[in-house]
Amino acid sequence: WKWSAMMHKWQIAEFFLLIWISFYTVIGQVRYSIPEEMERGFLVGNIIKDIGLNIKDLEDRKLRVIVGSKKQYFDVNLGTGNLHVSERIDREDVCGDSSACVIDFEIVVENPLNLYRVEVEIKDVNDNPPTFAKTKQQLEMSESTLPGARFRLNYAQDPDVGLNSLQNYHLSDNEHFILQTQTGSDGSKFMDLVLEKQLDREKQKEYLLTVTAIDGGVPVRSSSAQVHVNVLDSNDNFPVFPQSLYKLSLVENTVIGTLVLKVNATDIDEGSYGKVTYSFSKISERARQIFDIDSETGEIKVTGNLDFEEAAFYEMEIRAKDSGGLTVYCKVLLEVIDVNDNPPEITVKSFTSRIPEDAFPGTVIALLNVDDHDSGENGKVICSIPENLPFTLKSSLYNYYTLTSNRTMNREQISEYNITITARDKGVPPLTASKSVLLKISDINDNPPVFNQTSYTAYVNENNPPGSFICSVKATDLDWNQNARLTYSITETRIHGKPVFSYVSINPENGNIQALRSFDHERFRDLQIQVKAQDAGSPPLSNNVTVNVFILDQNDNAPEILYPPQRNNASAIELAPRSAVPGYLVTKVVAVDADSGQNAWLSYKLLKAAEPNSFLVGLHTGEIRTTRLFVENDVVKQTLAILVKDNGRPTLSATVTLNILVADNFPEILPDLDRLSTDKDHNSSLTFYLVISLASVSFLFLGFIIVLMIVKVRHWRSSRLFHSMNTKGTPYFPPCYSEADGFRTLPQTYSYEVHLTTNSNKNEFDFFKPSKQSAFEINSSDDIVQTELQRHVHDHNNIRLECISSFL
301 WKWSAMMHKW QIAEFFLLIW ISFYTVIGQV RYSIPEEMER GFLVGNIIKD IGLNIKDLED
361 RKLRVIVGSK KQYFDVNLGT GNLHVSERID REDVCGDSSA CVIDFEIVVE NPLNLYRVEV
421 EIKDVNDNPP TFAKTKQQLE MSESTLPGAR FRLNYAQDPD VGLNSLQNYH LSDNEHFILQ
481 TQTGSDGSKF MDLVLEKQLD REKQKEYLLT VTAIDGGVPV RSSSAQVHVN VLDSNDNFPV
541 FPQSLYKLSL VENTVIGTLV LKVNATDIDE GSYGKVTYSF SKISERARQI FDIDSETGEI
601 KVTGNLDFEE AAFYEMEIRA KDSGGLTVYC KVLLEVIDVN DNPPEITVKS FTSRIPEDAF
661 PGTVIALLNV DDHDSGENGK VICSIPENLP FTLKSSLYNY YTLTSNRTMN REQISEYNIT
721 ITARDKGVPP LTASKSVLLK ISDINDNPPV FNQTSYTAYV NENNPPGSFI CSVKATDLDW
781 NQNARLTYSI TETRIHGKPV FSYVSINPEN GNIQALRSFD HERFRDLQIQ VKAQDAGSPP
841 LSNNVTVNVF ILDQNDNAPE ILYPPQRNNA SAIELAPRSA VPGYLVTKVV AVDADSGQNA
901 WLSYKLLKAA EPNSFLVGLH TGEIRTTRLF VENDVVKQTL AILVKDNGRP TLSATVTLNI
961 LVADNFPEIL PDLDRLSTDK DHNSSLTFYL VISLASVSFL FLGFIIVLMI VKVRHWRSSR
1021 LFHSMNTKGT PYFPPCYSEA DGFRTLPQTY SYEVHLTTNS NKNEFDFFKP SKQSAFEINS
1081 SDDIVQTELQ RHVHDHNNIR LECISSFL
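For the sequence shown, the numbering used here gives the first residue as 301, with consecutive numbering after it.
Set out below in structure tokens:
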């Protein structure tokens, strides 16, 4: 009875526990009542409606049923919200002889975390008749037994409760005995056979009685037992116990064989009537498995496992009987003392196995229940988790705990936590238990892609084939899965007025950059590209990086000779005085190369000369200088072939042919000029007629005196002309040649100023006359001859011809 009362108190405490927790975790409570023995699928009620949930939210809120027992007797249909019986319920198996039978469980839903207490009362049905442990019982009575003597009979048991349990006993008709029914402290009903009329052995030696046990159910159920009474000769004295009630305590887990108590009843009769035997007259089945009594000595010993958690009290009735059949009874009340032999048990009522890394502090991760079957201090439990974890374990009430986060997480630092909950009771020595839960931190897109370089520099040769690989960019993302899946793209810009996409492309998966066209170093030397890496998160995050692509020069341009210019495949003419000293600067070859770097480094070389060792070409300057003094037998016309080559691989080159006329006065070079004119153009009719006309006019107006004056004037003019042209030997190039890139010069427009005679009808004079220099070019010998003839008739016609050329 005490054990039942203790269990009842535990249920009440648990009830108030969950009511209190409801203020912390928003818990509700529902109670149902159903009969026992209902078939599987029996409808209990619509639990979703009764606890106030929306059936549409069940899938997202992950509803589940949590039971504390090994069997789950109920389940929830998530489609309808109905609560059904999932296992046949036998009230007697579930609750034993307890008057109240309640099966409780919890329903847990998440998002947010709610716990609902559900109680189902199991009502008893009259499905069990009262039964006797033994259907036959032998009694021995002396014929001298006085009326009123009582004899304890075996009682019946009924597992049903209330009106369905055992209510009364009935004795078959006889003239000597009646039944008297009593109720024990545990609510059980037992009976005594009372002698109402004295026996006479000579009249009747035995009696056969029938005892019927009847319950109060509908329909009524009953069972019977036979009592055989033997009448013995006279026996005057009953056995006597020194006390009718024994109270003692025993520590649980007492070793089997331990003596619990020795009872002793005395009988003052002599002989066989004074011999007493002992037995249990009333004892529960559980107690019968744990205790045994010696019929001769009355010693009660432990024969089974004594466990406080199974039963805290035992009540036994001991019978002492002499050989004459006289019987006396005493009662033994045994209290089991609890020892700390049960470690705590941790039950996870609810657990969220994954939370996002940006979950707010205070997010509920798990709801735990910690239980200890021991009592008192042995059953009090303290729970804890390691201090270095970002979680807090809060005690709600009577061994309920909530595990919550106390700060935001960073999945990139720690992606999961193995949380060990340790429970320790207050027993001596304390017992502990632990349970681990694995919490995974789900990723959110909180990290942008990061390139492995702050900027990239790549080099590609010009004249590359389209599709050539330029370089590869690489970015990483600390996030996970979809949030770390990167796509590369090129930011839209324009290069030389065209979209960057017409020059390069990028593989969106691996970041490889390729050229879409062939590059020309002479057009542009570098590209600046902005590459973007973007993840697939929501919302997506991105980052940019600059890629500088430099176009490397290839030697694909030959040198270009600017001076002396080559016109109509005619060789340029330069003048050098015969009196020039060694080292005299005759002229300078000027060339440029459109390439850059060493591909534009030019060198000059004398390939061919009419007279070896007369001229020298500067290797890097292109200056043509004399190497010796000229002598009388040196030819007037010196033809030089100059090679200009760059420093590229392979080497590219250009050549120029130059005619140098060596003379101190103009008439000396006229024959060579005539030959040059003949070589150049034998069919110039206009020049031929002009020369004939001028010659005829000259001979008509010549006179002896005039000829003498003309000779003097001619000598004076020749000396002046040569002096003016040879004062400075280096050609002068005006600013129209400007450094474009530090490696080459580019020509701009030439401008000429020409003065003609009044009778000239054709522009036949192209004199390049750099300021303060003597070198100039005469395009044809015809031009020179015409100039000379006109000079001869100058004094006669007072016509002054002046040729001026300059660079503007």
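The beta-carbon is built from N, C-alpha and C at its ideal position, and this holds for glycine as well.
*Taking all protein chains shown into account, decide if Gln938 is buried (16 or more other Cβ within 10 angstroms of its Cβ) or exposed.*
So Gln938 ends up on the buried side.
*Assuming Leu634 contacts Leu548 under a Cβ cut-off of 8 Å, what Cβ separation, rounded to an integer in Å, is found between them?*
Taking C-beta atoms under 8 Å as the contact rule, Leu634 and Leu548 qualify, at a distance of about 6 Å.
*Taking all protein chains shown into account, do 16 or more other C-beta atoms lie within 10 angstroms of the C-beta of Glu440, making it buried, or fewer, making it exposed?*
Classification for Glu440: buried.
_Limits of the alpha helix (DSSP H) - the one that Arg361 falls within_ = Where Arg361 is concerned, the enclosing alpha helix (DSSP H) stretches over Leu358 to Arg361.
_Delimiting residues of the alpha helix (DSSP H) encompassing Ala587_ = Going by DSSP, Ala587 is part of the alpha helix (DSSP H) stretching over Glu585 to Ile590.
*Quick one, which of Pro799, Arg586, Ile719 and Lys631 has its alpha-carbon nearest Arg817's?*
For the residues Pro799, Arg586, Ile719 and Lys631, the minimum Cα distance to Arg817 belongs to Pro799.
*Determine the DSSP secondary structure at Arg825, reduced to helix, strand or coil.*
In the three-state reduction of the DSSP assignment, Arg825 falls in the coil class, being assigned neither a helical nor a strand state.
*For Ser914, does the count of other Cβ atoms within 10 angstroms reach 16, so buried, or fall short, so exposed?*
So Ser914 ends up on the buried side.
_As assigned by DSSP and simplified to three states, the class of Asn801_ = According to the sequence as given, residue 801 is Phe; it is not Asn. Correct three-state label for Phe801: helix.
_Backbone secondary structure at Met491 - three-state DSSP_ = The answer is strand: DSSP assigns Met491 an E or B state.
_Counting beta carbon pairs with one atom in the region 368 to 382 and one in the region 456 to 469, are three or more of them shorter than 8 Å?_
They do not touch, by the three-pair rule.
*Can you grab the Cα-Cα spacing for the pair Thr708 / Phe691, in whole Å?*
Straight-line Cα distance between these residues: approximately 10 Å.
*Would you check if there are 3 or more beta carbon pairs closer than 8 Å linking the region 564 to 579 to the region 528 to 547?*
Segments in contact, yes.
*Terminal residues of the continuous alpha helix (DSSP H) containing Asp460?*
Taken as a continuous stretch (DSSP letters only), Asp460 belongs to no alpha helix (DSSP H), as it is neither H nor E.
*Closest by CA to Ala784, which one among Asp835, Lys503, Thr647 and Tyr701?*
Of Asp835, Lys503, Thr647 and Tyr701, the smallest CA-CA separation from Ala784 is found for Asp835.
*Could you check if Asn414 is buried or exposed, using at least 16 other CB atoms within 10 Å of its CB as the buried criterion?*
Looking at its Cβ environment, which holds 16 or more other Cβ atoms inside 10 Å, Asn414 is buried.
*On the DSSP bridge assignment, give the partners of Cys683 in chain order.*
Listed as beta-bridge partners of Cys683 by DSSP are Ala723.
*Would you report the Cα separation of Lys631 and Tyr701, rounded to the nearest angstrom?*
Lys631 and Tyr701 have their alpha carbons spaced roughly 45 Å apart.
*Arg340 and Val385: beta carbons closer than 9 Å?*
Contact annotation: Arg340 and Val385 have beta-carbon atoms nearer than 9 Å.
*Looking only at its own chain, which residues have a Cβ that is under 6 Å from the Cβ of Ser768, when we skip the five neighbours before and after it?*
Ala815, listed in sequence order.
*asked:* Considering Cα atoms alone, identify which of Leu545, Asp856 and Arg878 is closest to Gln898.
replied: The residue with the shortest Cα to Cα distance from Gln898 is Asp856.
*Is it buried or exposed for Pro242, if we count other Cβ within 10 angstroms and need 16 for buried?*
Nothing in the structure corresponds to residue 242, since the chain is present only between 301 and 1108.
_Could you tell me the alpha carbon to alpha carbon distance between Ser442 and Leu626, rounded to whole angstroms?_
In a straight line, the C-alpha of Ser442 is about 7 Å away from that of Leu626.
*Using the Cα positions of Leu668 and Asp393, report the straight-line distance between them to the nearest angstrom.*
Rounded to the nearest whole angstrom, the CA to CA distance from Leu668 to Asp393 is 28 Å.
*Which residues mark the beginning and the end of the beta strand (DSSP E) in which Ile347 is found?*
Looking at the DSSP string, Ile347 is not in any beta strand (DSSP E); the run it does join, the alpha helix (DSSP H), is Ile347 to Asp350.
*Which value, in whole angstroms, describes the spacing of the CA atoms of Leu703 and Lys694?*
About 6 Å.
*Which stretch, first to last residue, makes up the beta strand (DSSP E) that contains Asp622?*
Where Asp622 is concerned, the enclosing beta strand (DSSP E) stretches over Phe613 to Asp622.
_Any 3 or more C-beta pairs closer than 8 Å across the region 874 to 884 and the region 924 to 939_ = When C-beta atoms of the region 874 to 884 are compared with those of the region 924 to 939, three or more pairs fall below 8 Å, so the two segments count as touching.
*Can you name, in chain order, every residue of its own chain whose Cβ lies under 8 Å from the Cβ of Glu596, other than the five neighbours on each side?*
Thr577 and Tyr578.
*In the region 911 to 948, which residue ranges form an unbroken beta strand (DSSP E) of at least 3 residues, counting only runs that do not cross its ends?*
As far as the region 911 to 948 is concerned, its whole beta strand (DSSP E) runs of at least 3 residues are 915 to 917, 923 to 926 and 937 to 945.
*With respect to the alpha helix (DSSP H) encompassing Pro707, which residues constitute its N-terminal and C-terminal limits?*
One detail in the question is off: residue 707 reads as Arg in this sequence, not Pro. Looking at the DSSP string, Arg707 is not in any alpha helix (DSSP H), and its letter there is neither H nor E.
*The alpha helix (DSSP H) spanning Cys395 covers which residue range?*
That run of the alpha helix (DSSP H) goes Arg391 to Cys395.
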